[in-house]
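Novice: Residue numbers (my numbering), protein chains in the order written: chain P, 1 to 123; chain Z, 124 to 246. C-beta: ideal position from N, C-alpha, C; glycine also. As the structure is a prediction and not an experimental result, all values here were calculated from the model. Here's a structure for you.
2 protein chains.
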Amino acid sequence: MVVDFSELKLNEESPIYMQIVRFVKIKMVNRQVRDGDELPSRRVLSAVLEVNPNTIQKAYRLMEEEGILVSFAGSKSLLQFNESLVDKYRKELLTVEAEKYIEEVKKMGLTAEEAVALVRENW
Amino acid sequence: MVVDFSELKLNEESPIYMQIVRFVKIKMVNRQVRDGDELPSRRVLSAVLEVNPNTIQKAYRLMEEEGILVSFAGSKSLLQFNESLVDKYRKELLTVEAEKYIEEVKKMGLTAEEAVALVRENW
DNA sequence: ACAACCGTATTATAGCAATAATACAGTTAC
DNA sequence: GTAACTGTATTATTGCTATAATACGGTTGT
């Protein structure tokens with residue numbers, strides 16, 4: 001019911017508020033959250049992740065603007081999404097990662113098969 | 124002789140000074156520069172890339188600290204490296220990209236073969 | 001030797017992410 | 001109904017990246 005954030009390990013490669021949004025989208029894609037599930041309160045999550053409440057608020061605000069979160073003053077914050085949105089996020093997230101990988105290895109002159117082999121080697 | 128930076132397209136995903144260092148390393152890996160080749164002066168490169176001279180200085184300083192650049196007051200800035208360093212950079216750069224890709228697609232539950240297929244699809 | 005370059009250094013300013021400390025009004029649970 | 005929570009908002013401060021404007025002394029080419 002209440003989404004678990006204990007597996008979220010923050011890094012310094014991107015803003016924290018974006019990592020939080022991404023974490024939720026990946027949970028959607030993995031069917032680890034369902035439509036109507038509840039997010040922890042801003043204060044609770046800020047304590048769990050040991051980041052400032054304002055940073056959490058920024059993440060939640062972003063999700064509201066994307067239309068996957070609804071919250072009311074004094075009330076719970078609930079996820080809101082349908083299957084077609086999950087499909088869209090899944091495709092988006094995977095394509096972005098593949099394109100990033102491909103772009104970088106192309107810079108170093110790899111062929112498609114070398115890029116594929118490199119994935120297998122490092123898996 | 125003088126390293127060409129015209130192909131370097133800056134983005135906002137990482138600090139500019141780091142993108143410059145990475146660009147040089149990739150040129151090393153691709154044999155597009157040789158030991159002893161010259162980098163443009165700080166002022167010239169700052170004009171070419173349209174960034175502040177201090178940003179270029181930060182990049183060059185970093186390369187000096189990594190031991191691939193030597194520069195003297197009033198004189199040219201020269202690349203300095205051997206084959207084993209190229210091999211090291213090649214391996215480092217490729218492994219980092221593969222690991223990043225693998226880590227992300229694993230988060231979304233892909234198998235190795237699905238990850239491989241995704242690379243082929245987007246190539 | 002002198003002008004035009006070089007590398008190097010310093011100080012100030014701006015924007016963004018994040019922190020810190022509050023404050024206020026709405027809701028929920030007992 | 002009251003206490004303990006909620007979302008929301010504001011102001012100040014810090015650190016990092018980048019810009020801006022200089023300044024100084026070394027090297028190079030003519």
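So is M124 of chain Z buried or exposed if we call it buried at 16+ other beta carbons inside 10 Å?
Specialist: The count along the second sequence starts at 1 and reaches residue 124 of chain Z at position 1. Answer is exposed; the Cβ neighbour count stays below 16.
Novice: Could you tell me if R243 of chain Z is buried or exposed, where buried requires 16 or more neighbouring beta carbons within 10 angstroms of its beta carbon?
Specialist: Reading the second sequence from its first residue, position 120 is the one you call residue 243 of chain Z. R243 of chain Z is exposed by the Cβ-count criterion.
Novice: When you compare the CB positions of Y129 of chain P and A59 of chain P, do they come within less than 7 Å of one another, or not?
Specialist: Because chain P is modelled from 1 through 123, residue 129 of chain P falls outside the range shown and cannot be assessed.
Novice: If contacts are defined as beta-carbon pairs under 8 Å, then L62 of chain P and V21 of chain P qualify, I think. What distance do you get, rounded to the angstrom?
Specialist: By one-based count along the first sequence, residue 62 of chain P stands at place 62. By one-based count along the first sequence, residue 21 of chain P stands at place 21. Indeed they touch by this definition, with Cβ atoms about 5 Å apart.
Novice: Kindly indicate the opening and closing residues of the beta strand (DSSP E) around L78 of chain P.
Specialist: Taking the first residue of the first sequence as position 1, residue 78 of chain P is located at position 78. Looking at the DSSP string, the run of the beta strand (DSSP E) that includes L78 of chain P is 77-79.
Novice: I'd like the span of the alpha helix (DSSP H) that includes S46 of chain P, first residue to last.
Specialist: The residue given as residue 46 of chain P occupies position 46 in the first sequence. That run of the alpha helix (DSSP H) goes 42-49.
Novice: How many Å lie between L39 of chain P and K91 of chain P at the Cα?
Specialist: For this step, residue 39 of chain P is matched to residue 39 along the first sequence. For this step, residue 91 of chain P is matched to residue 91 along the first sequence. Looking at the two C-alpha atoms, the distance is approximately 24 Å.
Novice: Need the endpoints of the alpha helix (DSSP H) that L131 of chain Z sits in, please.
Specialist: Counting from 1 along the second sequence, the entry for residue 131 of chain Z is found at position 8. It is not in any alpha helix (DSSP H) - L131 of chain Z carries neither H nor E in the DSSP assignment.
Novice: Check distances from the C-beta atoms of the region 150-181 of chain Z to those of chain P and list, in chain order, the residues that come in under 7 Å.
Specialist: Flagged, chain order: V152, N153.
Novice: Using 8 Å as the Cβ pair cut-off and three pairs as the minimum, do the region 222-230 of chain Z and the region 185-199 of chain Z touch?
Specialist: With a cut-off of 8 Å, the region 185-199 of chain Z and the region 222-230 of chain Z do not count as touching, because too few Cβ pairs lie within range.
Novice: With V116 of chain P as the anchor, note down where its alpha helix (DSSP H) starts and where it stops.
Specialist: On the first sequence, residue 116 of chain P is found 116 positions in, with the first residue counted as 1. Its alpha helix (DSSP H) spans residues 112-122.
Novice: At a CB-CB cut-off below 8 Å, which residues of chain Z make contact with N11 of chain P?
Specialist: Along the first sequence, one-based indexing puts residue 11 of chain P at 11. What N11 of chain P touches in chain Z: nothing, since even the nearest Cβ is about 11 Å away.
Novice: In terms of residues, what are the limits of the alpha helix (DSSP H) holding S71 of chain P?
Specialist: By one-based count along the first sequence, residue 71 of chain P stands at place 71. Looking at the DSSP string, S71 of chain P is not in any alpha helix (DSSP H); the run it does join, the beta strand (DSSP E), is 69-71.
Novice: Please list the terminal residues of the continuous alpha helix (DSSP H) segment that includes Q155 of chain Z.
Specialist: In the second sequence, the residue the question calls residue 155 of chain Z occupies position 32. Where Q155 of chain Z is concerned, there is no enclosing alpha helix (DSSP H), given that its DSSP letter is neither H nor E.
Novice: If we ignore side chains and look at the alpha-carbon of each, how far apart do W246 of chain Z and R157 of chain Z end up?
Specialist: As a working mapping, residue 246 of chain Z is identified with position 123 in the second sequence. As a working mapping, residue 157 of chain Z is identified with position 34 in the second sequence. Whole-angstrom Cα-Cα distance: 30 Å.
Novice: Determine the DSSP secondary structure at E38 of chain P, reduced to helix, strand or coil.
Specialist: Against the first sequence, residue 38 of chain P aligns to sequence position 38. In the structure shown, E38 of chain P sits in a strand (DSSP, three-state: E or B).
Novice: Which residue comes first and which comes last in the alpha helix (DSSP H) that contains L14 of chain P?
Specialist: One-based indexing of the first sequence puts residue 14 of chain P at position 14. In the sequence as displayed, the identity of residue 14 of chain P is Ser instead of Leu. Run containing S14 of chain P: none; DSSP gives neither H nor E here.
Novice: Quick one: which chain P residues come within Cβ less than 7 Å of K230 of chain Z?
Specialist: As a working mapping, residue 230 of chain Z is identified with position 107 in the second sequence. The contacting residues are I26.
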